[in-house]
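**Student:**
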Ligand code: FES
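Numbering (our numbering), first residue to last: 696 to 804.
(1) By the 10 Å Cβ neighbour count, where 16 or more other Cβ atoms means buried, how is residue 750 classified, buried or exposed?
(2) For residue 710 and residue 795, I'd like the C-alpha separation in whole angstroms.
(3) With a threshold of 7 Å (Cβ to nearest heavy atom), would residue 729 be considered close to ligand 1?
(4) Ends of the beta strand (DSSP E) at residue 747?
(5) List the whole-angstrom C-beta distance separating residue 727 from residue 716, where the pair is believed to meet the contact cut-off of C-beta under 8 Å.
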């Protein structure tokens, strides 16, 4: 059974328009928040290859992935797993949902 986490409001819906992504630091963690087609995703922002931040990369709508600006690794937004490129290890993913105007991420410390 998964460990129950804590719901944390990371931003408002207005602060993350459709097709956008942003870096949010929370409790010392670098997080990537994405809004793709009105669905919100939360993953680790620090990549698993070098020192790049994935929030400085691009979104690939066709494959529902974020692509690293440096090594071009593509990570699945739902599973965090690398789909292509040199990356071998997955990103942590967090459950994200909207309540009212707030984007809430369930975070396990
Ligand atoms: S340099 Fe980190 S995933 Fe590309």
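Every residue, glycine too, gets a C-beta built ideally from N, C-alpha and C. Note that the structure is predicted; figures quoted are calculated from it, not measured.
**Tutor:** Checking against the coordinates, here is how it stands:
(1) Looking up residue 750 in the chain shown gives position 55. Buried, because 16 or more other Cβ atoms sit within 10 Å of the Cβ of residue 750.
(2) Against the chain shown, residue 710 aligns to sequence position 15. Against the chain shown, residue 795 aligns to sequence position 100. Cα to Cα, the separation comes out at about 13 Å.
(3) Here residue 729 refers to the residue found at position 34 of the chain shown. Residue side-chain check: residue 729 keeps its Cβ at 7 Å or more from all non-hydrogen atoms of ligand 1.
(4) Reading the chain shown from its first residue, position 52 is the one you call residue 747. Counting along the chain, residue 747 sits inside no beta strand (DSSP E), nor does DSSP assign it H or E at all.
(5) For this step, residue 727 is matched to residue 32 along the chain shown. For this step, residue 716 is matched to residue 21 along the chain shown. At roughly 6 Å, the Cβ-Cβ gap stays under 8 Å, so residue 727 and residue 716 are in contact.
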